[in-house]
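Notes to accompany the following structure.
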Amino acid sequence: MRGLDATLQLRRSEFRLDARLSVPAGRTAALVGPNGAGKSTVVAALAGLLPLDAGHIELGGEVLDDPSVGVLVPAEARRVGVVFQDYLLFPHLTVLENVAFGPRSRGLGGAEARTRADRWIRRLELGGLEGRYPRDLSGGQAQRVALARALATEPGLLLLDEPLGALDVRTRSVVRRVLAEHLAEFEGPRLLITHDPTEAFHLADEIHVLEGGRVTQAGTADEIRLRPRTEYAAELGGTTLVRGTAREGAVDTGGHVLHIADHGIEGPVLVTLRPTSISVHRARPEGSFRNIWRTRVVRLEQHGHRVRFLTGAPLPVTVEVTAEARVELALTLETEIWVALKATEIGVQPDTSPEESKP
Amino acid sequence: MAGLALFALPLAGLLARTPWTRLPALLSGEVVGDALRVSAVSSVAAAVVSLVLGVPLAWILARVAFPGRALVRGIVTLPLVLPPVVGGAALLFALGRRGLVGAPLEAATGLVLPFSLWGVIVANTFVAMPFLVVTVEGALHAQDRRYEDAAASLGARRWTVLRRVTLPMIAPSLVSGLVLSWARAFGEFGATITFAGNLQGRTQTLPLAVFVALERDRDTAVVISLVMVLVSLLVLVALRNRWWRAP
Amino acid sequence: MRPQRPARAVVLSVVLCACGVQSAPDNLADSGAPGASITGMILVSAAASLTDAFAEVEAAFEAAHPGVDVVLNLGGSGSLRTQILEGAPVDVFASADMADTEKAARDGLVSGEPRIFAGNSLQVAVPKGNPGGVEGLEAFADPSLRLGLCAQGVPCGDLARTVLARAGVVPSLDTEEPDVRALLTKIELGELDAGITYLTDVASAGGSVWGLDIPADLNVMAAYPIAVLAHAPNPRGADAFVRFILSDEGRSILSRFGFTRS
Chain A
1 MRGLDATLQL RRSEFRLDAR LSVPAGRTAA LVGPNGAGKS TVVAALAGLL
51 PLDAGHIELG GEVLDDPSVG VLVPAEARRV GVVFQDYLLF PHLTVLENVA
101 FGPRSRGLGG AEARTRADRW IRRLELGGLE GRYPRDLSGG QAQRVALARA
151 LATEPGLLLL DEPLGALDVR TRSVVRRVLA EHLAEFEGPR LLITHDPTEA
201 FHLADEIHVL EGGRVTQAGT ADEIRLRPRT EYAAELGGTT LVRGTAREGA
251 VDTGGHVLHI ADHGIEGPVL VTLRPTSISV HRARPEGSFR NIWRTRVVRL
301 EQHGHRVRFL TGAPLPVTVE VTAEARVELA LTLETEIWVA LKATEIGVQP
351 DTSPEESKP
Chain B
360 MAGLALFALP LAGLLARTPW TRLPALLSGE VVGDALRVSA VSSVAAAVVS
410 LVLGVPLAWI LARVAFPGRA LVRGIVTLPL VLPPVVGGAA LLFALGRRGL
460 VGAPLEAATG LVLPFSLWGV IVANTFVAMP FLVVTVEGAL HAQDRRYEDA
510 AASLGARRWT VLRRVTLPMI APSLVSGLVL SWARAFGEFG ATITFAGNLQ
560 GRTQTLPLAV FVALERDRDT AVVISLVMVL VSLLVLVALR NRWWRAP
Chain C
607 MRPQRPARAV VLSVVLCACG VQSAPDNLAD SGAPGASITG MILVSAAASL
657 TDAFAEVEAA FEAAHPGVDV VLNLGGSGSL RTQILEGAPV DVFASADMAD
707 TEKAARDGLV SGEPRIFAGN SLQVAVPKGN PGGVEGLEAF ADPSLRLGLC
757 AQGVPCGDLA RTVLARAGVV PSLDTEEPDV RALLTKIELG ELDAGITYLT
807 DVASAGGSVW GLDIPADLNV MAAYPIAVLA HAPNPRGADA FVRFILSDEG
857 RSILSRFGFT RS
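Residue numbers (our numbering), protein chains in the order written: chain A, 1 to 359; chain B, 360 to 606; chain C, 607 to 868.
Structure (structure tokens):
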């Protein structure tokens with residue numbers, strides 16, 4: 001295969017990484033995880049800055065690291081282009097010299113390297129900035145220079161480590177769109193490392209969720225949104241994940257019972273509740289809701305037009321309403337409310353996760 | 360202010376004692392010219408040798424973990440603490456005509472370090488190089504090593520990383536290390552007179568000339584001191600403004 | 607006592623310059639009796655060539671005068687004089703030549719008349735075994751040898767140059783050391799093949815330096831004057847120390863280190 005296939009196993013003092021990653025050529029995979037999940041260790045292992053204890057890294061059919069057969073290709077000989085967190089552009093070199101650094105280091109002559117650098121500078125719409133130093137670039141420009149520098153080595157894998165992390169929130173969405181376009185320029189596998197779900201959902205074709213050194217779920221963005229397998233994955237998709245036991249169309253979540261549409265499923269299940277599928281009322285609502293219960297607002301956040309809040313006992317769930325609805329319902333902290341949810345709106349999947357990965 | 364006075368008062372004392380009317384005659388004297396030449400050559404040579412030998416040493420100390428590193432670091436910085444006369448004597452025992460290395464060296468090449476300009480340069484380098492090593496090692500420790508990772512990921516081998524990334528990025532520290540070691544060499548007295556002796560035009564540097572002149576003609580001593588102060592101020596002020604980063 | 611090359615006769619020509627300095631009257635020298643109430647510190651600036659002898663003088667004097675602390679400040683005579691001129695709180699000045707003492711006297715720094723308390727002559731000093739095969743003063747013209755003198759302006763340097771001039775030798779030098787001890791050290795270590803030092807320095811080096819005598823008609827006599835200083839913080843102590851130096855006990859200590867009586 002032309003893509004990346006890796007099983008990364010290594011131990012650094014207390015931390016243990018054991019992650020399987022597979023990214024086909026032309027696809028963008030996101031590796032999403034909270035701080036401390038092992039994301040930078042993955043970057044270091046793939047880039048050749050940290051050798052594996054076990055497992056293997058194979059890129060386009062070439063083995064880069066495999067302790068079992070004693071193969072370890074050093075960083076400078078790997079065809080892995082990295083866009084580093086904070087970009088790490090060389091401050092003493094101009095944009096042109098930064099982009100030409102890779103081709104020069106890989107043995108091209110000065111003129112040839114500059115020609116190639118120039119081509120990538122134009123492809124990434126950086127023309128006119130060739131003579132500037134990194135300190136004189138905007139965040140978005142610096143990111144594109146970092147991308148051009150990585151791509152100019154004509155790598156077999158493109159690694160992007162928090163490529164938007166250094167930008168302020170306002171420019172982030174613009175730069176993200178531009179980045180999405182430019183990622184398409186690269187034909188090999190692309191791996192995006194991030195802790196930001198928005199970034200992952202927008203840029204990636206598939207998502208690997210990394211928690212505590214292990215990949216807890218891998219799938220498309222929709223799969224993560226609709227069928228999260230861990231609380232963290234659910235949080236990524238903005239849903240509420242509840243564990244429980246199903247029996248004859250009812251799920252006991254430990255005190256509170258949810259009615260579901262599927263009467264056939266039995267045993268341990270993962271229940272997904274989407275914030276927009278839950279309706280909110282000041283009085284007990286009439287209608288065909290199979291699930292109605294009374295609760296309070298315990299946390300409230302407004303994001304522009306949308307309002308998200310968290311309910312209290314008996315079952316904490318995240319609910320999303322419009323700003324108008326909030327005014328209409330006079331929602332504030334501690335407001336007594338009724339929430340209602342159709343059985344057909346509840347996602348249910350068998351809980352097959354091993355005991356140890358459960359929190 | 361009291362701190363400034365501590366530096367400024369001796370300078371004022373020197374100016375008060377300067378024989379202004381005899382100044383032109385004394386300045387154009389052979390002793391001053393010879394000493395200035397020997398000092399210029401030996402201090403610049405010592406700074407350059409410190410750079411060439413000191414940078415690899417600093418790099419090894421900062422980047423390579425090996426048993427006994429603390430001891431090596433201690434030995435390297437020893438000349439900072441040691442009285443220069445002791446350093447000069449130690450150099451005699453090692454590199455003198457009957458020294459551990461000096462005797463075979465003379466037998467093999469005929470080169471005798473004491474009483475030669477080479478000896479002055481060796482003594483100056485001995486006391487000056489620690490300043491460069493300490494400065495550069497500190498800069499290497501403080502450097503963000505991820506830039507070196509970035510360079511490696513772009514295909515740069517170790518030597519290329521050092522030459523094109525590591526060293527250029529610590530350039531300000533290289534320059535301040537160079538200036539500090541030059542300044543130390545320029546003012547060196549004890550190790551030089553002990554190891555290389557004192558002969559006008561060959562090994563007599565400005566500090567040695569001052570010391571010898573104090574015995575004979577105080578005016579000459581004052582004038583040479585003044586020359587030293589001026590040259591040092593000129594170099595330090597010019598370079599400090601251009602290169603030294605604010606702490 | 608001191609190793610000598612047997613070839614040369616030891617004849618000292620005493621060349622005292624007539625500079626209006628009187629030898630110490632005997633009655634003064636004899637009255638080295640302990641003063642009734644001498645206390646405190648006595649700072650003595652002494653020429654480097656007196657280092658060993660004065661250490662013993664200090665011990666003997668302090669033994670005779672409990673409660674007195676003699677502090678020796680040793681160095682080249684010229685630097686010592688400069689320190690005094692700049693106001694160093696020195697009580698006694700023991701120089702290796704008349705010139706520095708006379709200059710000090712002209713500047714009004716000396717109290718009373720300086721007195722000559724010891725004499726010294728010069729020797730060609732070579733490392734043990736004489737590796738350079740030095741025969742005498744003529745060797746100082748040999749550019750293939752490593753040769754050193756005291757610097758000009760330093761008494762041992764000026765005297766050595768006088769001797770070489772008399773011998774008609776133009777020296778080919780490798781170093782001019784700031785004081786006689788520094789010169790002696792470099793000879794002792796074998797860095798220099800020869801130098802001209804005081805006879806007392808050769809003696810103090812034990813067997814590690816050999817001395818070659820200089821013919822009497824070429825040699826010069828160094829005279830060591832001692833004086834109480836005008837601004838001595840401890841004038842009584844200073845006076846007692848000078849008396850002690852001039853006493854029989856003081857002189858016998860000095861002669862043990864190779865100084866001649868004057």
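Backbone N, C-alpha and C fix where the C-beta goes; we use that ideal spot for every residue, glycine too. What you are looking at is a predicted structure, and each value in this text was computed from that prediction instead of being measured.
* Asked: Three or more beta-carbon pairs under 8 Å between the segment 808–817 of chain C and the segment 665–674 of chain C, yes or no?
  -> The segment 808–817 of chain C and the segment 665–674 of chain C do not touch, with fewer than 3 CB-CB distances between them shorter than 8 Å.
* Report the rounded CA-to-CA distance for A/E162 versus A/R123, giving the unit in angstroms. => One C-alpha to the other measures close to 22 Å.
* Going by Cα to Cα distance, which pick from C/G774, C/L779 and C/V696 is closest to C/D823? -> Residue C/G774 is the option with its Cα nearest to C/D823.
* Out of B/V534, B/L565, B/G560 and B/S535, state which residue places its alpha-carbon closest to the alpha-carbon of B/F548. => Nearest option by C-alpha distance: B/L565.
* To do: Enumerate in chain order the residues of its own chain whose CB-to-CB distance from A/G102 is below 7 Å, with the five nearest sequence positions on each side excluded.
  => Within the same chain, and ignoring the five residues on either side of A/G102 in sequence, the residues whose Cβ sits closer than 7 Å to its Cβ are R149, A152 and T153.
* Using a threshold of 8 Å, state whether the C-beta atoms of C/D780 and B/F474 are closer than that. => In contact: C/D780 and B/F474 (Cβ atoms closer than 8 Å).
* Asked: Is there at least one Cβ from chain A nearer than 8 Å to B/V414's Cβ?
  -> It does not; no Cβ of chain A falls within 8 Å.
* Cβ neighbour criterion (16 or more within 10 Å) applied to B/A597 -> Under this definition B/A597 is an exposed residue.
* Please name the residues in the segment 43–57 of chain A whose beta-carbon is closer than 7 Å to at least one beta-carbon of chain F, in chain order. => Considering every chain present, this structure includes no chain F. Its protein chains are A, B and C.
* Asked: Residues of chain B with CB under 9 Å from A/T153, in chain order?
  -> Result: S512, L513 and G514.
* **Selected residue, minimal CA-CA separation from A/A166, among A/V339, A/S277, A/Y87 and A/P189** => When only C-alpha atoms are compared, the closest one is A/Y87.
* Determine the DSSP secondary structure at B/V571, reduced to helix, strand or coil. => In this structure, DSSP gives B/V571 a helical state, which the three-state scheme calls helix.
* Asked: Going by C-alpha distance, which of B/A501, B/V538, B/S512 and B/A542 is nearest B/M587?
  -> The option with the nearest alpha carbon to B/M587 is B/A542.
* Mark A/T352 as exposed unless 16 or more other C-beta atoms lie within 10 angstroms of its C-beta, in which case mark it buried. => When all chains shown are included, A/T352 counts as exposed.
* **Contacts around C/G641, its chain only, beta-carbon distance under 7 Å, and the 5 residues preceding and following it disregarded** => Because C/G641 sits at a pLDDT of 46, beneath the cut-off of 50, its placement in the model cannot be relied upon, and the point is left open.
* In or out: A/D168 buried (at least 16 other Cβ within 10 Å) or exposed? -> That one is exposed.
* To do: Give a yes or no on whether the C-beta atoms belonging to A/V23 and A/G3 are separated by under 8 Å.
  => For A/V23 and A/G3, yes; Cβs fall inside 8 Å.
* Asked: Ends of the alpha helix (DSSP H) at A/Y232?
  -> Note, A/Y232: alpha helix (DSSP H), E231 to G237.
* Round the Cβ separation of C/V870 and C/L818 to the nearest angstrom and send it over; I've been treating them as touching at under 8 Å. => Examination of residue 870 of chain C is not possible in this model, given that chain C is present from 607 through 868 alone.
* Let me know the secondary structure DSSP gives B/P531 once reduced to three states. => If DSSP states are grouped into helix, strand and coil, B/P531 belongs with the helices.
* Asked: Taking the continuous beta strand (DSSP E) assigned at C/W816, which residues delimit it?
  -> First-last of the beta strand (DSSP E) with C/W816: V815 to D819.
* **N- and C-terminal bounds of the alpha helix (DSSP H) containing B/I419** => Note, B/I419: alpha helix (DSSP H), E389 to R422.
* Asked: Is the Cβ of A/F186 closer than 8 Å to any Cβ of chain B?
  -> Not one chain B Cβ lies under 8 Å of A/F186.
* Express the C-alpha separation of A/T239 and A/A221 in angstroms, rounding to a whole number. => Each residue's Cα considered, the two are about 13 Å apart.
* Contacting residues, own chain, Cβ-Cβ under 8 Å from B/T562 (five flanking each side not counted) -> Cβ within range, chain order: V397, F474, S475, L476, G478, V479, T551, A555 and G556.
* To do: Go through its chain and collect everything with a Cβ distance to C/V677's Cβ below 8 Å, but skip five positions before and after it.
  => Excluding sequence neighbours, C/V677 sits near M647, I648, L649 and V650.
* Using the rule of at least 16 other Cβ atoms within 10 Å of the residue's Cβ for burial, across every protein chain shown, is B/L450 buried or exposed? -> Residue burial is scored here from C-beta neighbours: B/L450 has at least 16 other C-beta atoms within 10 angstroms and is therefore classed as buried.
* To do: Identify each residue in the segment 489–523 of chain B for which the Cβ-Cβ distance to at least one residue of chain A is less than 9 Å, and report them in chain order.
  => Residues of the segment 489–523 of chain B with a C-beta atom less than 9 Å from some C-beta of chain A are D503, R505, Y506, D508, A509, A510, A511, S512, L513, G514, A515, R516, R517, T519, V520 and R523, listed in chain order.
* **A/L333 versus A/T41, A/L310, A/P350 and A/A325, residue with shortest Cα-Cα distance** => Here the closest residue by C-alpha is A/L310.
* Proximal residues to B/L439 (C-beta, below 6 Å), its chain only, five neighbours per side dropped -> Answer for B/L439: P489, listed in chain order.
* To do: Could you confirm whether any beta carbon from chain A is found closer than 8 Å to the beta carbon of B/P527?
  => It does; some Cβ of chain A falls within 8 Å.
* Which residues in chain C sit within 7 Å of B/F570, going by Cβ to Cβ distance? -> Simply P784.
* Reference A/A44, options A/E286, A/P74 and A/E62, closest by Cα -> Between A/A44 and the set A/E286, A/P74 and A/E62, the nearest pair of CA atoms involves A/P74.
* Taking B/T377 as the query, report the chain C residues whose CB atoms sit under 7 Å from its CB, ordered along the chain. => Within chain C, no residue comes near B/T377; the closest Cβ sits about 15 Å away, beyond 7 Å.
* Asked: Between C/S701 and C/V786, which are expected to be in contact by the criterion C-beta below 8 Å, what is the C-beta distance as a whole number of angstroms?
  -> Beta-carbon to beta-carbon, C/S701 and C/V786 are separated by about 13 Å, too far to satisfy the 8 Å threshold.
* C/V760 touches chain B at which residues, Cβ-Cβ below 9 Å? -> Residues of chain B passing the Cβ test: V571, E574 and R575.
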